Amino acid sequence: MRPFGRFFWVALALAFFGYLYLRYSPEAASLFLAGYVLEKALSVDNMMVFVAIFASFGIKGIMQHRILYYGIAGALIFRAIFVAAGTAVFGLSHWIEVVFAAIVLWTGIKMFMGSAEEGETTDYSDHWSVKLSQRVLPVIPRMVGKRFVVGAKEAQAISEKEGFSLPRRAAFYATLGLRNLYFMLAAAAKYLVYLEKAVALVLIFIAGKLASSALGIYHIDHQVSMMVVLGLILGGVFASLLFPKKDEALSES
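Every number in the working numbering is 1078 more than the matching position in the sequence shown, counting from 1.
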């Protein structure tokens, strides 16, 4: 992939940051940038799941490009829906924020504890979403060339043969670059062994920030939040480079 394609969407988001800074205020620009950095950080875990799913189903090459196009288009739509719904729900009561904080905290702890059991390719063939798709849609468990959809007769033959809100805009700009982020992470996934733990710590920090704000204990500024998120992600990257797992270090020597 050409370097231009990798950095174009980041440059576009930074250009929008500059527009907000000049047209509105530094406060609005920094709020957008904090949301953008947070969305990017949380997207790391999503992309790692993509890597595992593609490996589990043996999807390679150009098919990954096509699936990512459809997936990111769907992500844009559903992120807009959930951001709007979340904004409406948060306005009902400050206790809603506490509930969300508990959910995020549980997710972060579960991710942090579970990421230590990595090393094998996860088998997603028994996942509930796959089973639901097989019940609702006529799915065959194999690839047919480079197509997603085949005719019923062809499938049978194959079977017989083989027996303007800133949070919303921040999410929008962060989602645009997910395809490039995936291929960067796919190439570096086996080396960034502590990145998932870093994302888990980001979730735990977000849970603490939500609960602290909702209960009126302390309000953490969004600029501080951005620095903490960046520090945790960069810490995970540096820890992976400085302290690689023993099996990987032995395989390279």
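For glycine and all other residues, C-beta sits at the position ideal for the given N, C-alpha and C. Small disclaimer: the values here were computed from a predicted structure and weren't measured.
When the Cα of LEU1288 is compared with those of ILE1181, PHE1190, PHE1160, TYR1269, which residue comes out closest? Your numbering for residue 1288 matches position 210 in the sequence shown. The residue among ILE1181, PHE1190, PHE1160, TYR1269 with its C-alpha nearest the C-alpha of LEU1288 is ILE1181.
What does the Cβ neighbour count give for VAL1347, buried or exposed, with the cut at 16 atoms within 10 Å? No answer is possible for residue 1347: the residues shown for the chain start at 1079 and end at 1331.
Please return the same chain residues whose Cβ sits closer than 7 Å to the Cβ of PHE1178, not counting the five positions on each side in sequence. On the sequence shown, residue 1178 is found 100 positions in, with the first residue counted as 1. Excluding residues up to 5 positions away in sequence, LEU1288 lie with their Cβ nearer than 7 Å to the Cβ of PHE1178 in the same chain.
Taking the straight line between their C-alpha atoms, what separation do you get for GLY1136 and TYR1148? Residue mapping note: residue 1136 aligns to position 58 of the sequence shown, counting from 1. Residue mapping note: residue 1148 aligns to position 70 of the sequence shown, counting from 1. For GLY1136 and TYR1148, the distance between alpha carbons rounds to 18 Å.
Any idea if SER1121 is buried or exposed, counting beta-carbon neighbours within 10 angstroms, 16 or more meaning buried? For this step, residue 1121 is matched to residue 43 along the sequence shown. A buried status is given to SER1121, since no fewer than 16 other beta-carbon atoms sit within 10 Å of its beta-carbon.
CB-CB under 6 Å to ALA1317, same chain, minus the five flanking residues each way: which ones, in chain order? As a first step, residue 1317 must be located in the sequence shown, where it is residue number 239. So the list reads TYR1272, once near-sequence residues are dropped.
Can you find the residues in the same chain that come closer than 7 Å, C-beta to C-beta, to VAL1315, ignoring five residues on each side of it along the sequence? The residue labelled residue 1315 in the question sits at position 237 within the sequence shown. Counting only Cβ-Cβ distances below 7 Å, and skipping sequence neighbours, we find LEU1270, LEU1273.
Span of the alpha helix (DSSP H) around ILE1282: Translated into positions along the sequence shown, residue 1282 becomes position 204. Taken as a continuous stretch (DSSP letters only), the alpha helix (DSSP H) holding ILE1282 covers 1273 to 1292.
Just to confirm my understanding: we take VAL1307, look at its own chain, exclude 5 residues before and 5 after, and list those with CB closer than 6 Å. What are they? Residue 1307 sits at position 229 when you count from the first residue of the sequence shown. Once the five neighbours on either side are set aside, the close Cβ partners of VAL1307 are VAL1115, LEU1116, ALA1119, VAL1280.
Could you tell me if GLY1294 is buried or exposed, where buried requires 16 or more neighbouring beta carbons within 10 angstroms of its beta carbon? Here residue 1294 corresponds to residue number 216 of the sequence shown, with the count starting at 1. Flag for GLY1294 reads exposed.
GLY1314 - containing alpha helix (DSSP H), residue span: Counting from 1 along the sequence shown, the entry for residue 1314 is found at position 236. Going by DSSP, GLY1314 is part of the alpha helix (DSSP H) stretching over 1300 to 1320.
Report the three-state DSSP secondary structure of ILE1295 (helix, strand or coil). Your numbering for residue 1295 matches position 217 in the sequence shown. In the displayed model, ILE1295 falls within coil according to three-state DSSP, outside both helix and strand.
Go ahead and pull the three-state DSSP assignment for GLY1136. Your numbering for residue 1136 matches position 58 in the sequence shown. Three-state DSSP puts GLY1136 in coil, outside helix and strand.
Would the C-beta of LEU1293 count as close to the ligand GDP, meaning under 7 Å from any of its heavy atoms? Ligands in the displayed structure: none, and consequently the ligand GDP is not present.
Report all residues from its chain with a CB closer than 6 Å to the CB of TYR1296; omit the five preceding and five following residues, and keep chain order. Position 218 of the sequence shown, counting from 1, holds the residue named residue 1296. So the qualifying residues of the chain are SER1290.
Distance between LEU1092 and LEU1312 (C-alpha atoms, nearest Å): Position 234 of the sequence shown holds residue 1312. Position 14 of the sequence shown holds residue 1092. About 19 Å.
Taking buried to mean at least 16 other C-beta atoms within 10 Å of its own C-beta, is LEU1170 buried or exposed? What you label residue 1170 is simply residue 92 of the sequence shown in a count that begins at 1. When all chains shown are included, LEU1170 counts as exposed.
With DSSP run on the structure shown, which of helix, strand or coil describes GLY1169? Mapped onto the sequence shown, residue 1169 falls at position 91. It is coil, neither helix nor strand.
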